[in-house]
Amino acid sequence: MSQEVRVRFAPSPTGALHIGGVRTALYNYLFAKKQGGKFLLRIEDTDQARFVPGAEDYIKEALDWMGISPDESPWHGGPHGPYRQSERKSIYKEYAMDLLEKGHAYYAFDTAEELDAMRQRLTAARVVSPQYNSITRTQMKNSLTLPADEVKARLEAGEPYVIRVKIPRKEEVRLQDKVRGWVMVHSNTLDDKVLMKSDGMPTYHLANIVDDHLMKITHVIRGEEWLPSAPLHVLLYRFLGWEESMPTFAHLPLLLKPDGNGKLSKRDAEKHGFPLFPMSWTDPDSGQVADGFRDQGYLPEALVNFLAFLGWNPGDHRELFTLEELVEAFTLERIGKSGTKFDINKAKWYNEQYLRKKSDHELAAYLTADLKKEGIQIPQDNAEKIVSVMKERATFPADLWKEGRFMIFAPETFDTQVAEKKWNADAAKVLTAYSEKLEALQEPLDAATAKELLAVSAEECGVKLGKVMQAVRLAITGVGAGPDLMQVFEILGKEELIKRIGFSLKTLGIAG
RNA sequence: GGUCCGUUCGUCUAGGGGUUAGGACGCAUCCCUUUCACGGAUGAAACACGGGUUCGAUUCCCGUACGGACUACCA
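Counting along the first sequence from 1, when you hit position 106 you're at 107 in this note's numbering, and nothing is skipped either side.
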């Protein structure tokens, strides 16, 4: 019998979700759905000092926007709640006591200063890595060194203490990681990590093991930064008697900065002008606003596709995947091992691809929304026509309006470079003739007619159409590049064209 | 420093003991075209290095170099 696959994404609410965290969430989601299992979200808020208001709402909104909402979470609830660690405080204590009783953990009363002094002493003695371990714990104030009655007295007196794990002196700890294979470390390189803090909260190490077990998590998919502490986690499963049901681990390669090396940071994002967060985030302390992918015009389906390919690939040559297709194709086995540099160009390319897949109807909504901000209203069918000719050249929805301004506003100035090179008396002659033909036209202008009339006008003036085409474009749009001119003409309509021709003839002159 | 992890075009990557080392982004050129863009075609561009193992290694093993993560009463 195969048990239900259950995975979790476990962010701590310390601010906006980092894009790397979003990818971790996505991989968890993809794996869960592929396996027909559950994707849960657990808030790891055991560090009260780092709690940031609004962060949890942000996480929820970001995942919803990406289309990867969890099945169980603080806000959806579920059979294994609560899903906020701060609300599970009493649970952890119970397991810490269990560890204490079994001799796998002990009380420690050392103050921060004493800890510091120990590290300094060790550093001075040229100990390579000063840590609280099987050697040093014999010289510290803990329930291993202090007489039992003193420990009891200190506890009863309410003296602050932590509970530390007692790492065995000599043991090989192995774990099989789904992406790295076998990883082996010696327990003597591990230190006696704090399990329960003096404020009564568990540390990540205890909390994540207890919760994963209680929440019946089958696979732990998380960032590579957790790999060094994974052996400790294996040990904890063993000490708690849960080794049989220990989840499978998969440590994801890190997201690296685009140039040079190192973990992707906010600094890099700013330097290269791309966001680091899925959505904009306002720091509640400084009030500083950091831009997000959503705000810069990235489509969620593009971001999902892009992120999925940062460290994973389907093994064939397909590049474009919907969320559903990703679910279908996803396997842990195809996750790469090495760190991945963040290339925003590729993200833009994905955005273009998905933008072009959208219907004119959907795209028109972006345009009308932008226009509304400027107090402009245009008919829906007009908006749809505009986006249909503009979408091939847009990366972001906002480009529809930015690049297509001339579709609504007549040019007030003309690109001087193009004017110098292309504007001449021939162009003025042709346009004058063209304007007259448009005046005489009874029915509404369509692209084919627009072209025919223009061709006739050129012929009458004894000018080759190709020679003046750029000048015509300049006269109507003000610039030298843009979508198919005749389509533009059709959208503009003859009255608007006549007006624009009149203005450009006046402004650019008829002699050239 | 220590522990762990990694290394195929500039980037994301496929591949795997014998291949013209494949694709995508970006770049260049050409075609399409009234321009730009789209699209199409073509091109430049990679197995970090040194030892093994082997008839043969980019692929397997070991080193070296380089890079990264971790090294908190943070997660």
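Don't be surprised by glycine CBs; every beta carbon is placed ideally from N, CA and C.
- Task: Could you say which of Lys386, Val469 and Leu446 lies nearest to lysine 423 if we only look at CA atoms?
- Result: Of the candidates Lys386, Val469 and Leu446, the one whose C-alpha sits nearest the C-alpha of lysine 423 is Val469.
- Per DSSP, cross-strand counterpart(s) of alanine 26: In the DSSP output, where bridge partners are listed per residue, alanine 26 has none listed.
- Over what stretch of residues does the beta strand (DSSP E) that includes glutamate 173 continue unbroken? In the DSSP annotation of this structure, the continuous segment of the beta strand (DSSP E) that includes glutamate 173 starts and ends at 173 to 178.
- Query: According to the neighbour-count rule (16 or more other Cβ atoms, all chains shown, within 10 Å of its Cβ), is alanine 106 buried or exposed?
  - Reply: Buried, because 16 or more other Cβ atoms sit within 10 Å of the Cβ of alanine 106.
- So, are the CB atoms of tyrosine 28 and leucine 253 less than 8 Å apart? In contact: tyrosine 28 and leucine 253 (Cβ atoms closer than 8 Å).
- Between Trp66, Ile164, Tyr59 and Thr478, which lies nearest to arginine 295 when the distance is taken from Cα to Cα? Checked all of Trp66, Ile164, Tyr59 and Thr478; the closest Cα to arginine 295 is Trp66.
- Check whether the Cβ of methionine 470 sits closer than 7 Å to any heavy atom of the ligand GTP, and report yes or no. This structure simply doesn't include the ligand GTP, nor any ligand for that matter.
- Terminal residues of the continuous alpha helix (DSSP H) containing alanine 365? If you look at alanine 365, you'll find it in the alpha helix (DSSP H) that goes 361 to 374.
- Look up tryptophan 76 in the DSSP assignment and give the residues it is bridged to. Paired residues: none, contrary to the question.
- Between which two residues does the alpha helix (DSSP H) containing alanine 100 stretch? For the sequence presented, residue 100 should be read as leucine rather than alanine. Taken as a continuous stretch (DSSP letters only), the alpha helix (DSSP H) holding leucine 100 covers 90 to 103.
- Item | Own chain partners of lysine 347 with C-beta closer than 7 Å, once the 5 adjacent residues on each side are dropped | These residues qualify, in order along the chain: Phe307.
- Item | Contact check, isoleucine 69 vs alanine 11, beta carbons under 8 Å | Isoleucine 69 places its beta carbon 8 Å or farther from that of alanine 11.
- Within its chain, find whatever has a CB closer than 6 Å to the CB of alanine 45; leave out the 5 residues flanking it on each side and keep chain order. In the sequence as displayed, the identity of residue 45 is glutamate instead of alanine. So the list reads Ala11, Ser13 and Gln86, once near-sequence residues are dropped.
- Any chance the region 352 to 372 sits against the region 397 to 410, with 3 or more Cβ pairs inside 8 Å? Taking a cut-off of 8 Å on C-beta distances, the region 352 to 372 touches the region 397 to 410, as three or more cross pairs fall below it.
- Message: Looking at leucine 498: is its Cβ nearer than 8 Å to the Cβ of leucine 439?
- Response: Yes, these two residues count as a Cβ contact at 8 Å.
- Query: Whose C-alpha, out of Arg165, Thr417 and Ser436, is nearest the C-alpha of glycine 104?
  - Reply: Check the Cα spacing between glycine 104 and each of Arg165, Thr417 and Ser436: the tightest is with Arg165.
- On a CA-only basis, which of Arg51, Asn425 and Glu244 is nearest glycine 510? Give me that one, please. Cα-wise, what sits closest to glycine 510 is Asn425.
- Just curious, the beta strand (DSSP E) that tyrosine 108 is in, first and last residue? Where tyrosine 108 is concerned, the enclosing beta strand (DSSP E) stretches over 106 to 109.
- When you compare only the Cα positions, how much space is there between lysine 194 and proline 203? About 11 Å.
- Can you pull the DSSP bridge partners for proline 203? Per DSSP, the beta bridge partners of proline 203 are Met197.
- Counting only the same chain and skipping the five closest in sequence on each side, list residues whose C-beta sits under 7 Å from that of serine 458. Its chain contains Val431, Ala434, Tyr435 and Lys438 as the residues whose beta carbon lies nearer than 7 Å to that of serine 458, once the 5 sequence neighbours on both sides are disregarded; these appear in chain order.
- Task: Alpha carbon to alpha carbon, how far is leucine 41 from arginine 175? Give it in angstroms, no decimals.
- Result: Approximately 27 Å between the Cα atoms of the pair.
- Between which two residues does the beta strand (DSSP E) containing leucine 233 stretch? Per DSSP, leucine 233 belongs to no beta strand (DSSP E); it is in the alpha helix (DSSP H), 231 to 240.
- Message: Please state whether the Cβ-Cβ distance between methionine 247 and histidine 81 is less than 8 Å.
- Response: Note that the C-beta distance between methionine 247 and histidine 81 is not below 8 Å.
- Query: Any idea what DSSP makes of arginine 51, helix, strand or coil?
  - Reply: The answer is helix: DSSP assigns arginine 51 an H, G or I state.
- Message: Could you compute how far the alpha carbon of serine 287 sits from the alpha carbon of alanine 482?
- Response: Each residue's alpha carbon lies about 43 Å from the other.
- Message: Taking only three categories from DSSP, how would you classify arginine 85?
- Response: Correct three-state label for arginine 85: strand.
- Query: What three-state label does DSSP hand phenylalanine 310 in the structure shown?
  - Reply: DSSP places phenylalanine 310 in coil when its eight states are reduced to three.
- Stretch pair the region 145 to 157 + the region 212 to 232: three plus CB contacts closer than 8 Å: They do not touch, by the three-pair rule.
- Task: Mark glycine 78 as exposed unless 16 or more other C-beta atoms lie within 10 angstroms of its C-beta, in which case mark it buried.
- Result: The residue is exposed, with fewer than 16 neighbouring Cβ atoms inside 10 Å.
- Message: Please report the distance separating the alpha-carbon of aspartate 72 from that of arginine 9.
- Response: So the alpha carbons of these two residues sit roughly 10 Å apart.
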